[in-house]
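Data first, discussion second: the structure below is written as structure tokens.
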Amino acid sequence: MSVRAARVPEKAGTGVVAFPAEVDLSNAEDVLSEALRLIREGATGIVLDLGGCAFCDSSGPNVIFRARARAAAAGIPLVVVLPTRGIVRKICDIAGVTRDIDHAPSLAAARDRLGRPA
């Protein structure tokens, strides 16, 4: 499993969690842990990047909603990068991610929404 999270510099900025190619019950908690680590380290914004994720079951949206709840409780905005089509997009549409959470088609667009340079 390969979850990548950008380290938040000393002067906190936007943290990015790049989802692995597949997210399911076997690795969802690892993905969530990376998002929560960025929140604890003082990120001023969080991007959950599903741009490279080719498959997720309901664990993917679950991670997104749980990370958003924790970020919101800390007063930190969160944006999700979602592909414009495909199974990951469809699952997120059905689960309500695209209805309830700010999302963007690319990492640059997500960072723009958070007011940070791409």
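So the sequence shown is numbered by the working numbering: it starts at 1 and just counts up by one.
We treat Cβ as the ideally placed atom computed from N, Cα and C, and that holds for glycine.
Boundaries for Leu36: no beta strand (DSSP E) harbours it, while the alpha helix (DSSP H) harbouring it runs 28 to 40, taken from the DSSP string. One thing to note: Ala69 has its Cβ no nearer than 8 Å to the Cβ of Ile46. Note on geometry: alpha-carbon atoms of Ala54 and Gly75 lie some 30 Å from one another.
Distance between Leu38 and Thr44, taken at the CA atoms: about 9 Å. Taking 8 Å as the cut-off, the Cβ atoms of Val81 and Leu48 count as close.
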